[in-house]
Structure formats: structure tokens, C-alpha cells
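First residue of the sequence shown: 356, per our numbering; consecutive thereafter. Step one of this worksheet: look at the structure below.
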Amino acid sequence: YQRRVHGLHLEVTMPCNGGSFRIVRNKDWFQAFAPDGPFKVLGPTALEEDVVGWRVEAEAGDVVRIDFQTGLGTAEPRKVSWEKVGHFEPNPYETMVYQLPRCSLIGSWDGWKKPKAMKWVDLSLCSCRLRVARKHENFRILWGNNWAVLYPSVENADRATPHTISGSYGEHCGLSWLLRDSDGGDDEEYDDALGRVFEVSLVLDLDTLQPTAVEWDEVSLERRSSTMEPGFHR
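So this is what it looks like as C-alpha cells:
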């Protein structure tokens with residue numbers, strides 16, 4: 356969103372015909388806004404899977420501008436509106452990518468608060484990089500527009516642990532993947548470390564477009580004394 360006086364706006368290219376949206380403040384699902392009847396805005400509140408969003412009637416490729424009148428500093432109520440402002444004709448590959456589910460990482464590095472968006476590398480792989488300061492962190496993957504939770508079938512699954520991928524809406528039984536470096540590290544190494552950079556990937560089956568594997572690799576170790584440029588931040 357771009358900020359304007361007492362409000363925010365965002366231009367979105369529609370990936371398909373029609374769709375719905377909700378608004379989340381500071382990437383925090385406990386600060387979400389959704390419609391409360393035809394005219395009111397509900398929130399900020401915890402975002403539940405059954406909360407209905409605002410419905411946009413548009414065609415694939417339409418550029419829609421969404422305005423959120425926050426009401427901060429004024430007596431005006433919060434208001435959400437949108438309008439078509441243009442059209443973009445995506446190529447066939449972009450159309451296929453648009454139709455893939457959105458995925459995000461959520462983990463123990465910030466208390467399971469803010470999802471970190473993953474990007475599609477191709478039609479069967481999405482990934483993102485993150486830097487962690489502690490030796491061990493746990494994570495799950497949020498899948499799809501309704502934010503199903505993907506998690507391993509066993510507790511603290513790492514790359515060497517045989518397991519399968521499970522998924523549900525909201526229920527994860529406390530299970531998560533364990534993110535740690537390949538050699539376990541040592542205390543001296545971490546005393547001088549700003550953090551380790553990992554690339555986490557979700558792999559799909561091309562025929563069913565269902566998750567088949569979660570993988571990660573350690574990209575780098577950043578030290579306080581390093582002359583490297585800053586790495587990826589949380």
C-alpha cells in the first residue's frame with residue numbers, strides 16, 4: 356500500500372476473473388480488516404478463515420485501485436472502495452503463475468506473528484530467503500488464499516527426518532519443521548555471527564499442484580566483522 360492523507364491505496368492486476376480481498380495491518384493477522392455488512396469496516400481484529408472479504412468484479416488483467424480510508428485523525432468512519440484504472444494483458448506464463456496459490460513462511464523467529472511471502476521461481480517451486488540469529492528455529496508454511504497451514508507429520512522434522520506434509524485450516528497439532536544449519540554450529544561461531552541466511556523452498560507436483568516436499572539450504576553465515584553487504588533481513 357502507498358500512503359496518502361488519512362488513507363492508503365494499492366493498484367492490483369487481477370490474476371483471474373473476479374476475486375475477494377481483506378486488509379492486514381503490519382503483516383499481523385491479529386490486525387485485520389474485513390467487511391461488516393455492506394457499508395461498515397470490521398477491525399482491526401484476528402483474521403479467521405471464515406471471514407468473507409470484499410468482492411471485486413473484474414476481468415483477468417484489469418488493474419484495480421483499492422482505497423482504504425483509515426479514518427485516523429478524523430471523524431470520518433473507515434471506508435474501503437475500489438475502481439478499475441487500467442488493463443494489462445499478461446503473457447501465458449504469467450497467467451499460470453498468477454493462478455498458483457500464495458505461500459508464506461511463519462516461524463518462531465518472531466513468535467509466529469508475521470508471515471514472510473514466498474515467491475514462485477517456476478510452476479513447481481516457490482521459495483524465500485530469511486536470516487535467523489539463533490541456532491534453531493521452527494517454521495510452518497501458509498498455503499493458498501484461505502491460509503491453510505502446512506506442517507510435517509512428525510515433530511521438529513529436519514532435512515534428515517523421514518516425514519510427509521500435512522495440511523489443515525488452523526490445526527497443526529504443534530508440529531513444525533526445524534530449521535538449523537547443516538553442521539550444528541558451535542558457540543564461538545555464533546558469538547561472532549549476525550545470523551545464518553537460509554533459502555526455504557516448497558516443491559509442488561506438476562500434475563496435481565499439491566505440495567510434495569519442503570527443502571532448505573544454508574546460503575551464508577554473516578559475521579559482525581564481515582565486510583559483506585547486509586544480507587536478507589526478517
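Note that the Cβ used here is the ideal one computed from N, Cα and C, for glycine as well.
Proximity of residue i and residue j at Cβ, strictly below 8 angstroms
i	j	result
residue 435	residue 464	no
residue 556	residue 570	yes
residue 466	residue 425	no
residue 485	residue 561	no
residue 506	residue 530	yes
residue 447	residue 453	no
residue 409	residue 390	yes
residue 417	residue 364	no
residue 527	residue 495	yes
residue 414	residue 369	yes
residue 520	residue 566	yes
Distance between residue j and residue i (C-alpha atoms, nearest Å)
i	j	result
residue 462	residue 522	16 angstroms
residue 504	residue 399	22 angstroms
residue 546	residue 490	At residue 546, the pLDDT of 47 sits below 50, so the modelled position is not reliable; the number obtained from the coordinates is stated separately. Near 11 angstroms, if we compare the C-alpha coordinates of residue 490 and residue 546.
residue 593	residue 553	Here the chain covers residues 356 to 589 and nothing more, so residue 593 does not appear.
residue 379	residue 470	11 angstroms
residue 458	residue 568	14 angstroms
residue 392	residue 550	46 angstroms
residue 468	residue 498	16 angstroms
residue 420	residue 377	14 angstroms
residue 372	residue 450	11 angstroms
residue 480	residue 460	14 angstroms
residue 532	residue 476	21 angstroms
residue 482	residue 440	31 angstroms
residue 383	residue 516	31 angstroms
Classification of residue i by the beta-carbon crowding that lies within 10 angstroms, buried from 16 upward
i	result
residue 493	buried
residue 443	exposed
residue 385	exposed
residue 474	exposed
residue 514	exposed
residue 542	Since pLDDT at residue 542 reaches only 44, below the 50 mark, its modelled position is unreliable, and the value read off the structure follows with that caveat. So residue 542 ends up on the exposed side.
residue 388	buried
residue 427	exposed
residue 407	exposed
residue 564	exposed
residue 401	exposed
residue 590	The question about residue 590 has no answer, for the chain in this structure spans 356 to 589.
Residues that DSSP places opposite residue i in a beta bridge
i	result
residue 529	Residue 529 is not bridged to any residue.
residue 511	None; residue 511 has no bridge partner.
residue 366	420
Any non-hydrogen atom of the ligand COA closer than 7 angstroms to residue i Cβ
i	result
residue 477	With respect to the ligand COA, the structure shown offers nothing to examine, as it has no ligands at all.
Problem set entry | Secondary structure, alpha helix (DSSP H): runs of 4+ residues fully inside the region 425-479 | For the region 425-479, whole alpha helix (DSSP H) runs of length 4 or above, ordered along the chain, are 447-453.
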